[in-house]
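When we follow the numbering used here, the leftmost residue of the sequence shown carries the number 2, and every step to the right adds one. We put the CB at the ideal spot given by N, CA and C, even for glycine. Source: prediction; values computed, not measured.
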Amino acid sequence: MFQEYIRNFCIIAHIDHGKSTLADRLLERTNTISQRDLKEQVLDDMDLERERGITIKSHAIRMEYEAKDKNTYILNLIDTPGHVDFSYEVSRSLAACEGALLIIDAAQGIEAQTISNLYLAIENDLDIIPVINKIDLPSAQVDVVKNQIVELIGCDEKEILLASAKTGQGVDEILEAIVNSIPHPKGNPNGKLQALIFDSVFDSYRGAISFIRIFNGTLRTNDQIMFFSTGHKFNADEVGILKLTKEPVKELKTGEVGYLISGAKNVNDTKVGDTVTHAKNGADEPLAGYREVKPMVFSGIYPVITEDFEDLREALNKLALNDSALAFEPETSKALGFGFRCGFLGLLHMEIVQERLQREYDLTIINTVPNVVFRVHLTNGQVVNIDNPTDMPDPGIIEYIEEPYIFAQIITPPEYIGNIMKLSREKRAVFKTTSYIDPSRADMQFLFPLSEVIFDFYDKLKSHTRGYASFDYDFDEYKQGRLVKLDILINGEPLDALSTIVHTDKAYEMGQRLCRQLKKLIPRQMFEVIIQAAVGSKIISRQTVKALRKNVTAKCYGGDITRKRKLLEKQKEGKKRMKQVGRVDIPQEAFLAMLSMEKEK
């Protein structure tokens with residue numbers, strides 16, 4: 002039976018524990034890639050991934066391995082990201098697998114995202130193979146890490162594999178464990194077709210390409226197919242398997258992972274999490290998809306050149322095709338014109354999307370201050386969700402405001418507990434518990450307001466703990482908070498792009514810092530520019546950019562003083578009139594001021 006020789010698995014780990022390097026060794030050992038084509042991080046094909054040394058997108062690849070029992074097995078590997086912002090990518094990959102390699106760094110031990118990704122795998126009923134990587138490092142503490150793993154997943158110490166992805170040590174044992182410990186895919190090869198889309202990309206020439214896992218039935222080239230979410234029908238122009246390049250085949254059977262090109266030109270037709278079936282005699286119901294992703298951070302993205310608006314819309318549509326965590330809708334701003342309100346999973350996710358828009362689609366964009374979704378309760382009993390400060394209702398009709406809190410887990414060496422407690426107090430956190438994984442690692446748990454975490458929390462945490470702490474979070478609940486809308490006024494006119502919602506205790510300090518920053522960034526005009534921070538009708542901070550002064554009396558050599566006075570009065574009147582009609586052009590840096598305010602400190 003064909004299915005018995007298929008193994009679908011993924012690699013899960015904390016960021017930088019060696020997932021991509023181990024994937025390289027597996028490809029090398031199974032001769033999927035020749036020595037000539039071998040380079041570091043083979044599966045990380047995006048320039049951004051290679052530069053930052055992190056995995057952003059999940060990747061799938063097929064390997065063939067001859068095991069010790071002399072049978073040849075098909076191994077489908079789906080590499081997953083480790084960064085907290087991309088945990089959604091991880092959940093998508095897990096749905097297409099039966100097992101997972103849990104990679105733990107021998108020097109670092111168990112970290113926050115190791116635990117959260119492990120829980121995701123357990124939720125998906127995957128068989129876990131624990132692997133301690135980097136055992137060749139001088140600082141490796143293999144016995145300590147073994148105890149941590151036994152404590153965490155309750156496995157037998159003999160089940161833990163030791164490896165070094167860098168040198169290739171232990172790779173054969175891992176391949177044998179994949180064959181022997183991970184179950185083969187179940188499903189009915191003669192049943193009605195059910196294929197799950199776990200990723201998709203857009204190709205300029207061929208349209209939307211879906212990466213699929215067949216759960217039941219068989220998909221053949223030229224089959225008439227239907228997507229469940231839209232009901233649209235297409236022809237399967239090409240199906241194939243995923244090696245380093247896409248290789249067309251005649252059919253994909255139950256349990257296989259591959260790709261489908263259906264000629265769908267509209268990016269919304271091939272939704273991630275959707276089920277593909279035959280147009281005639283298809284399945285009655287779709288497979289259980291993924292949990293609906295909820296964006297946590299919102300920011301406005303505007304084209305610097307107004308004519309690029311439609312290009313920006315198209316670029317966002319293409320990005321959203323294979324990044325289902327990205328949400329966007331059109332919006333307008335007085336200061337910036339037409340743009341989009343975009344939702345992201347976190348600040349790194351936002352940064353990656355911005356860089357991809359600039360690099361892959363050659364767009365020059367401005368982004369507004371990131372915000373979270375606030376829940377505003379009005380005096381008439383109505384509840385409105387606000388992700389843009391400009392939509393905040395009048396303070397007179399607001400009963401109270403709730404903000405999102407996250408459940409945060411910080412794993413740190415015990416000597417930094419004091420620093421973390423101090424930082425968490427600054428960020429209005431509620432301390433829950435501290436437990437010890439072993440004498441050298443403490444697991445601290447907090448409730449944080451999300452708005453306090455999205456700016457600079459991660460950077461500060463790393464600097465307070467010399468880079469040793471790891472951080473992971475999940476949405477918890479909404480809680481009531483003392484929050485106000487902080488407006489920035491330029492010559493009495495509100496600048497909507499820089500409005501933000503802050504805690505009452507931080508409004509004064511935030512207003513002052515923002516005004517100071519803007520004073521440095523706004524160039525001097527022929528008239529005085531007044532920068533103010535206001536909460537409601539109350540001005541809480543003010544800075545003034547002095548006017549440029551032209552020496553109008555330069556041509557007066559001596560003579561009557563009244564002549565000089567008349568010229569100065571005339572200049573004064575002109576400046577007054579200019580102040581009323583003159584517009585201040587705010588440079589792009591001003592919109593990034595909020596993000597770089599910490600540098601000023």
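Quiz item: Identify the residues that DSSP records as bridge partners of T434: which are they?
Solution: Here T434 is bridged, per DSSP, to Q446.
Quiz item: Count the other CB atoms within 10 Å of the CB of P304; is the residue buried (16 or more) or exposed (fewer)?
Solution: Residue environment for P304: buried (at least 16 other C-beta atoms within 10 angstroms of its C-beta).
Quiz item: Do the stretch 187 to 204 and the stretch 151 to 164 meet, that is, are 3 or more Cβ pairs less than 8 Å apart?
Solution: Because the criterion of three Cβ pairs below 8 Å is not met, the stretch 187 to 204 and the stretch 151 to 164 do not touch.
Quiz item: DSSP state of L76, grouped into three classes?
Solution: L76 falls in the strand class under three-state DSSP.
Quiz item: Do the stretch 164 to 176 and the stretch 212 to 221 make contact, defined as three or more Cβ pairs closer than 8 Å?
Solution: Verdict: no, contact absent.
Quiz item: Exposed or buried, A508, counting other C-beta atoms within 10 Å across all chains shown (16 or more means buried)?
Solution: A508 is buried by the Cβ-count criterion.
Exercise. Say yes only if the C-beta of L78 is nearer than 8 Å to one or more non-hydrogen atoms of the ligand HEM, and no if none qualify.
Key: This structure does not include the ligand HEM; it has no bound ligands of any sort.
Quiz item: By a C-beta neighbour count over all protein chains shown, 10 Å radius and 16 as the cutoff for buried, is T31 buried or exposed?
Solution: Buried is the call here.
Quiz item: Using the rule of at least 16 other Cβ atoms within 10 Å of the residue's Cβ for burial, across every protein chain shown, is I502 buried or exposed?
Solution: Buried, since its Cβ has 16 or more Cβ neighbours within 10 Å.
Exercise. Would you kindly check if the distance between the Cβ of G512 and the Cβ of I541 is under 9 Å?
Key: Between I541 and G512, the C-beta gap is smaller than 9 Å, which places the two residues in contact.
Quiz item: For A1, does the three-state DSSP call read helix, strand or coil?
Solution: Limits of the chain in this structure are 2 at one end and 602 at the other, which puts residue 1 out of reach.
Self-check item: Three-state class that DSSP yields for G482 in the structure shown
Solution: In the structure shown, G482 adopts extended strand secondary structure according to DSSP, grouped into three states.
Quiz item: In terms of residue numbering, what span does the alpha helix (DSSP H) encompassing H504 cover?
Solution: Unbroken run through H504 is the beta strand (DSSP E), 501 to 504; no alpha helix (DSSP H).
Practice problem: Tell me whether the beta-carbon of A122 lies closer than 9 Å to the beta-carbon of A209. | Solution: Contact: no.
Self-check item: Counterpart residues of R342 in DSSP-defined beta bridges
Solution: Looking at the DSSP output, R342 shares a beta bridge with G301, E330.
Quiz prompt | Through-space distance from I213 to K281, alpha-carbon basis | solution = Rounded to the nearest whole angstrom, the C-alpha separation of K281 and I213 is 20 Å.
Quiz item: Which residues mark the beginning and the end of the beta strand (DSSP E) in which S201 is found?
Solution: Where S201 is concerned, the enclosing beta strand (DSSP E) stretches over 195 to 204.
Quiz item: Among Y406, M393, E308, N381, which one has its Cα closest to the Cα of I366?
Solution: Just measuring C-alpha positions, the residue of Y406, M393, E308, N381 sitting nearest I366 is E308.
Quiz item: Under three-state DSSP, which class holds G397?
Solution: Shown here, G397 sits in a helix according to DSSP, grouped into three states.
Exercise. List the whole-angstrom C-beta distance separating L327 from L320, where the pair is believed to meet the contact cut-off of C-beta under 8 Å.
Key: Right, the Cβ-Cβ distance comes to about 6 Å (below 8 Å), so this counts as a contact.
Practice problem: Flag this pair as yes or no: are the beta carbons of F449 and N372 separated by less than 9 Å? | Solution: Taking 9 Å as the cut-off, the Cβ atoms of F449 and N372 do not count as close.
Practice problem: Have a look at the DSSP bridge pairing and note the partners of S211. | Solution: DSSP, once it has assigned bridges, lists S201, L261 as partnering S211.
Quiz item: Any chance the stretch 458 to 465 sits against the stretch 488 to 504, with 3 or more Cβ pairs inside 8 Å?
Solution: In short, these stretches do not touch, since the Cβ pair count stays below three.
Quiz item: With a Cβ-Cβ cutoff of 9 Å, do P111 and Q149 count as a contact?
Solution: In the sequence on display, residue 111 carries Ile and not Pro. For I111 and Q149, yes; Cβs fall inside 9 Å.
Quiz item: How about Y74 and I7: do their beta carbons lie closer than 9 Å?
Solution: Y74 is a Cβ neighbour of I7, given a cutoff of 9 Å.
Self-check item: Three-state secondary structure (DSSP) of V582
Solution: Caution applies to V582, whose pLDDT of 44 falls short of 50 and renders its modelled position unreliable; the model cannot decide the point.
Exercise. Kindly indicate which three-state DSSP category G83 falls into: helix, strand or coil?
Key: Caution applies to G83, whose pLDDT of 44 falls short of 50 and renders its modelled position unreliable; the value that the coordinates give is listed next. Coil, per DSSP.
Quiz item: For N381, does the count of other Cβ atoms within 10 angstroms reach 16, so buried, or fall short, so exposed?
Solution: N381 is exposed by the Cβ-count criterion.
Self-check item: Euclidean distance between Cα positions of I161 and V151
Solution: Approximately 9 Å, taken between the alpha carbons.
Self-check item: Integer Cβ distance of I616 from F10, believed to fall under 8 Å
Solution: Limits of the chain in this structure are 2 at one end and 602 at the other, which puts residue 616 out of reach.
Quiz item: For the stretch 226 to 238 against the stretch 246 to 257, are there 3 or more C-beta pairs whose distance is under 8 Å?
Solution: In short, these stretches do not touch, since the Cβ pair count stays below three.
Self-check item: Length of the line joining the Cα atoms of P405 and Y120
Solution: Between the alpha carbons of P405 and Y120 lies a gap of roughly 23 Å.
Quiz item: With 16 other CB atoms within 10 Å as the buried threshold, where does S334 fall?
Solution: With 16 or more other CB atoms across the displayed protein chains lying within 10 angstroms of its CB, S334 is buried.
Practice problem: Return the CA-CA distance between I242 and E352, expressed in angstroms with no decimal places. | Solution: One alpha carbon belongs to I242, the other to E352, and they sit about 32 Å apart.
Practice problem: Identify whether F1 lies in helix, strand or coil by the three-state DSSP scheme. | Solution: In this structure the chain extends from 2 to 602, so residue 1 is not present and cannot be described.
Exercise. Give the single residue among E5, K521, H15 whose Cα lies nearest to the Cα of E99.
Key: Cα-wise, what sits closest to E99 is E5.
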